[in-house]
Amino acid sequence: MTPKALILYGYGINCDEEVQHGFDLTGAKTERVHLNQLISGEKKLTDYQILALPGGFSFGDDLGAGKVLAVKIKYNLQDQLSAFVEKGGLIIGICNGFQALVKLGVLPGTLFANDSGRFEDRWVYLKINQDSPCIFTKGIDRLYLPVRHGEGKYISGDAKLQIVAQYVDEKGELAGYPANPNGSELNIAAVCNDTGRIFGIMPHPDAFLYSQNHPRWTREKISAGAGLKVFQNAVEFVKKL
Amino acid sequence: MHRIEVYLKPNFRDVAGEKLARQILDELKYTVKKVSALDVYTLDFDLPQADLKFLGENLFSNPLVQEFSIDKPLSDDSYTYLEVGFKPGVTDNVGQRAKEAIEDILKIKLSEDKSVYTSKKYLIVGEGLNEKNLETITKKLLANELIQRWSVGSVLPVPRVKIHHEPRVETINLNVTDDQLLKISSDRKLALNLQEIQKIKEYFGSRKATDAELEALAQTWSEHCKHKIFNAKIKYNDGEKIQEIDGLFDTFIKSSTKQLAKQLSWVVSVLWDNAGLVRFNKDLLLAVKCETHNSPSAEEPFGGAETGIVGVYRDIMGAGLGCNLIFGTYGFCTGNPFYSGELKPKIHPKRLLEGVRKGVESGGNKSGVPTVYGITFFDEGYMAKPAIFVSAGGLIPLKIKGKPSHQKRADPGDLILMAGGRVGIDGIHGATESSMESGEQISSSHVQIGDPFTQKKLYDFLMEARDFGLLKCITDNGAGGLSSSVGEMAKFSGGFELWLDKVSLKYSGLDPWQILVSESQERMTSAVEPSKIEELLKLAKKHDVEATVVGKFTDSRKFHCVYKDKTVTDLDMDFLHNGVPQMELEAEWLSPEQRGLSEPNLQEPSDYGKALVEVLGRINIASKEFIVRQFDHEVQGKSVVKHLVGKDSDVFSDAAVLRPSFESKEGIAVSVGINPIYGKIDTYWMAALALDEAIRRIIAVGGSLKQIALNDNFCWPSPLPSHQNQNAKYKLAQLVRANQALYDFTLTFKTPCVSGKDSMSMDGTLKDAQGTEQRLSALPTLQFTAVGKIDNVEKCVTMDVKTPGDFLYVLGETRDELGGSEYYEMRGELGLNVPKVDAGNFIKLYNGLSQAIEKGYVKSAHGLYKGGLAVGLAQIAFAGGYGLEVDLDKVPNDNLERTDKILYSESAGRFLLTVSPENVKKFEASLKGSVFQKIGEVKENETLKITYKGKVIIQEILHNLKETWQKTFKQGCAKPGLA
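Protein chains in written order, with the working numbering: chain H, 3 to 243; chain G, 17 to 995.
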């Protein structure tokens, strides 16, 4: 079966094209669907196996990043979303998408203003938790990706956690700023739910689809875009169902 | 009415509050223990307590981190507190979004007059702070009185807009004396001169003009829209002869571009549309446009720069049938951020720079467009009026539904569609007198806050509408509002009828003329065939975009506006567009020698290492990484060469490169060239050097002269004579000379200006130490934005040295050209020998280098700009993290016998390259016939070692050099050394 991926767009979401491209390159059948097409019933979540909430500034980040998008989903699409999750659908929320997922309560904890008090665009090293049930990170040990956010500090609020990725330094050790770009608890960069099917990540795998996206490709041998593997994992998982 | 206050729970850090407390101590020297910044939402309508509690938990607070209170203070109000909110009528994005979310959550519909307002409440714990201190804190650090208001120790009233005014049309008798005509112009802030208003009087004859007619004429004939100075007839005395110039634009810019358009097949649509369009590849056209937002940024830096960047994005969205946005750039020319002299600018350069930076951050990041590149330049001249540049690029398929996408037209019968934001009084020039509730004044004139979110929705909608073939013509609503956008589009059809009462408004009470000329943001106007309107409006609904039919195009030859079935303008299109009288001006050049400039006779520095350290830390050389970090410079996933490169990704690249289409390896290089200092000596060479720099930056990353398109962007002190402007003739001559250089060098390099912008009032006043108003003019400033085609992005190179053992080359000749250099400035001199552009030799060299890079012979390439060879060597070394050994004797030069001249000359046309040993022969062959020399080697160490005549003159640890270069702005604009 060719997996069908729904890439949500509209209302200030702005990484929809690169996320779609990531899924296109790894063999999914993709469709950009506007939030209002879901609300109006023109499109149905349950017709897809993968839901992607891309990064961006949904609703201008006003009232907190991802907050109003979460409100929109919660008060208009809750039934569809629950049905999608019950059917075993995969969800990936990147950056603003992750912020929306925690504010929806689909993933535990919350994301809040960076300790630096500012938005930052910076490439960071990630160590992937090898014991995580996360489907999207299977077979990945390390990642190097950019963060581009002002509200990425992960706060668990004592929730039971499935840590998927942590910010580390060049040597792979947990470290402070700028390795941990936002002051996240336990350097958390990505989490998932217990089934590993719902995944939220602050850094952008969609920003590293080609070797030339790497900030040092002119000085190091970079064979391919390492972010692709995240999309590929989801596609392969659905194919095997 | 209800009031909800939100703040952090006790165990969470208040980063914003801490930052503010530090600022208060640093800048105002008040002892402050703690500052807490609370979010306040005022709901100007009633809701049950249960709903409010629900909203508090589910909308207004982040419950894990924050707590809230309803209709009572969250905190103990025994603290000193102050509250800052918007003035009535200022865009409150968060409030608007909150209202929409409340409707969604509670499933209710709130009427127009029910609003949510946001404000900030600051609790300040300090020692001995009195009300005056708090007032100072607010004015200096928290609020801008043009758009905000505040209260100390009390709750702010809500900024409700209620205009008790019945819209009306006023008629004006123009059959009056010249003095009275001028009074009409100044009272109504029309900015028409006597000649112009006399022409208008003549046109109306015995008939009275309406206010809307005068406003439409004033807008259309404004310097901003008509470029009267660039179209003026100029008598130019160059010191030897007198020459008549019939329009700078026609004579120099248009003439060059037209000639090049004939020679270059990739030039598609230039100098008329919202942006220039060139062919990018077989499928796509590339649009590029630059803008400035100087006056608004001078008054409200954040809003000015934010509306500037989203405004230039609308230019791209309105180019051809509408282009997709792919990049933005910034340029901030302000006073010295660390200025501590006696002049009293209205807004200190530090706060201004932080404001404009924040404005581009907000506008760019929220638009989903990468801010890929930019510049800063600091000079005291910008203290009264900064030059704030923004530019943008976009792409459009060559054809839309089988038709060429760069062509657009509106035909009689087509409908006029306005989409996006609503119209308010906030975007009207000088419209401050409106009668407001309780004597309030609405936020003033052209100072606005942008709403990039609304524009992003509009953008998504328009791009889809374009792809479905629903748009026949499209343009931005910028200066002059509907008057200008509809007026321009109606040139195609030959007339229009605009129904002003159909335009959606932010609030009622606007007069028809205000609706016509309001410049409220985030709006685009399109021409739509009647058969397609239904589909288009449906699409607008999908995107939650407000779109309204506000009129139709006709062939009446009339600029015809109607309000509630009554005609309010009945103007001939021809008079409106072609009636403005041509200005006649005089220009008089004074050569640098006549102005008394000469070369200084300086002692050589005793310690060259120390001198280099000093140069690297200077404000115009030092790192501004903090600016770039806060811009999303890689959204869309297409970046190839980023703004920041090198081993630690923290040194500025020569240019940015994007790969705009995932399907192809073709790329676009983006750069900017600017250096106003040279204009103090001669604006001819200033212009030539800015152009050469922009081009050379593109060559350095792997572009070529085969395809580079430019945008010219002039920011000039007024060259119009007046009693305050004694040397207007000289300023105009400076402008003539810059244009002559633009003409000469665009033609020689074959790099056409496909679009441009001019801003001709870089003057202002500020108080001196005695409190006397001083007039201050900025340096004549010309920025070129360049976009170059890259055939294969995999061939691109960056400036950082890569591998020990590689050879270091300098390309081009170093001459006695330190006039206007950073080094002379550091030594308190200007000099005379401004660098020259030797285009013939440069072209040969650039072509050779492009080939060498394309063949893969070059490991790193970096142009030499401000700071010359010394700064270039330091930067490529610490960017790459490897040492360099350099022999200055080998640097090809024009008999320069002085070390400092070789190190710090700013001769144009030069590069530093590294080449691996195995490619040396092939590399040297490709540059045959040009001046170049191997001057050293990359070393497996951490030292920059430079020798001259057998002596080591510089031996510095890279880490130290880099640290000096980074230290100046380590804390952004905060004072160096303060944490």
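Ideal placement from N, C-alpha and C gives every residue a C-beta, glycine not left out.
Predicted model only: the values in this text are computed from it and were never measured.
My guess is that residue i and residue j are in contact by the Cβ rule of under 8 Å, so how many angstroms apart are they, rounded?
i, j, result
"G/Thr814", "G/Val657", "6 Å"
"H/Asn189", "H/Gln168", "4 Å"
"G/Ala672", "G/Gln799", "That belief does not hold up - the Cβ atoms of G/Ala672 and G/Gln799 are roughly 16 Å apart, past 8 Å."
"G/Gly821", "G/Val954", "6 Å"
"H/Gly154", "H/Met204", "4 Å"
"G/Ala408", "G/Lys473", "The Cβ separation is near 18 Å, so there is no contact."
"H/Leu211", "H/Gly24", "6 Å"
Applying the criterion that 16 or more other CB atoms from any shown protein chain within 10 Å of the CB defines a buried residue, is residue i buried or exposed?
i, result
"G/Gly455", "Residue placement at G/Gly455 cannot be trusted, given a pLDDT of 31 that sits under 50; what the coordinates show is reported in the next sentence. Exposed."
"G/Leu848", "buried"
"G/Ile537", "Correcting the residue type first, residue 537 of chain G is Gln in the shown sequence and not Ile. Counting Cβ neighbours within 10 Å, G/Gln537 comes out buried, since at least 16 surround it."
"H/Lys89", "exposed"
"G/Leu210", "exposed"
"H/Gly14", "buried"
"G/Asp666", "buried"
"G/Asp527", "buried"
"G/Trp288", "exposed"
"G/Glu316", "buried"
"G/Ser127", "exposed"
"G/Glu212", "buried"
"G/His878", "buried"
"H/Ala30", "buried"
"G/His181", "exposed"
"G/Leu827", "buried"
So what does residue i bridge to, in DSSP terms?
i, result
"G/Thr930", "G/Leu824, G/Ser876"
"G/Met434", "G/Thr541, G/Thr564"
"G/Arg165", "G/Gly101"
"G/Tyr579", "G/Lys582"
"G/Trp515", "G/Val578"
"G/Asp492", "G/Met540"
"H/Pro148", "H/Trp125"
"G/Glu709", "DSSP output for G/Glu709 lists no bridge partner at all."
"G/Leu660", "G/Phe668"
"G/Phe405", "G/Thr308, G/Gly347"
Using DSSP with H/G/I as helix, E/B as strand and the rest coil, what is residue i?
i, result
"G/Tyr46", "coil"
"H/Gln80", "helix"
"G/Thr764", "helix"
"G/Ala447", "With a pLDDT of 31 at G/Ala447, under the threshold of 50, the predicted position of this residue should be treated as unreliable, and no value is reported."
"G/Pro608", "coil"
"G/Val31", "helix"
"G/Arg843", "coil"
"G/Phe939", "helix"
"H/Ala67", "coil"
"G/Ile412", "strand"
"G/Trp288", "coil"
"G/Leu487", "coil"
"G/Gln987", "coil"
"G/Gln464", "coil"
Could you tell me whether any non-hydrogen atom of the ligand HEM is closer than 7 Å to the CB of residue i?
i, result
"G/Val644", "The model depicted lacks the ligand HEM and carries no ligand whatsoever."
Item to check | Cβ-based contacts, 9 Å cut-off: residues of the segment 632-661 of chain G near chain H | outcome: Listed in sequence order: Phe642, Val644, Arg645, Gln646, Phe647, Asp648, His649, Glu650, Val651, Gln652, Gly653, Lys654, Ser655, Val656, Val657, Lys658, Leu660, Val661.
Checklist entry - When you check each C-beta in the segment 95-118 of chain H against every C-beta of chain G, which residues fall closer than 8 Å? => result Lys105, Gly111, Thr112, Phe114, Ala115, Asn116, Asp117, Ser118
Next on the checklist: For the segment 76-94 of chain G, list every residue whose C-beta sits within 9 Å of some C-beta in chain H, in sequence order.
Outcome noted: Phe76, Ser77, Asn78, Pro79, Leu80, Val81, Gln82
Next on the checklist: Beta carbons nearer than 9 Å to chain G: which residues of the segment 58-71 of chain H have them?
Outcome noted: Under the 9 Å Cβ criterion, the segment 58-71 of chain H contributes Gly58, Phe59, Ser60, Phe61, Gly62, Asp63, Asp64, Leu65, Gly66, Lys69, Val70.
Checklist entry - Name the residues in the segment 465-476 of chain G whose C-beta lies less than 9 Å from a C-beta of chain H; which are they? => result Asp467, Pro468, Phe469, Thr470, Lys472, Lys473, Asp476
Item to check | Selection of the segment 117-138 of chain H by Cβ proximity to chain G, strictly under 7 Å | outcome: Per Cβ criterion, the list reads Asp117, Gly119, Arg120, Phe121, Glu122, Asp123, Arg124, Trp125.
Item to check | Residues within the segment 793-815 of chain G neighbouring chain H, beta-carbon criterion of under 9 Å | outcome: Val809, Glu810, Cys812, Val813, Thr814
Checklist entry - Taking any Cβ of chain H, which residues in the segment 545-572 of chain G have a Cβ under 7 Å from it, in chain order? => result Lys558, His559, Asp560
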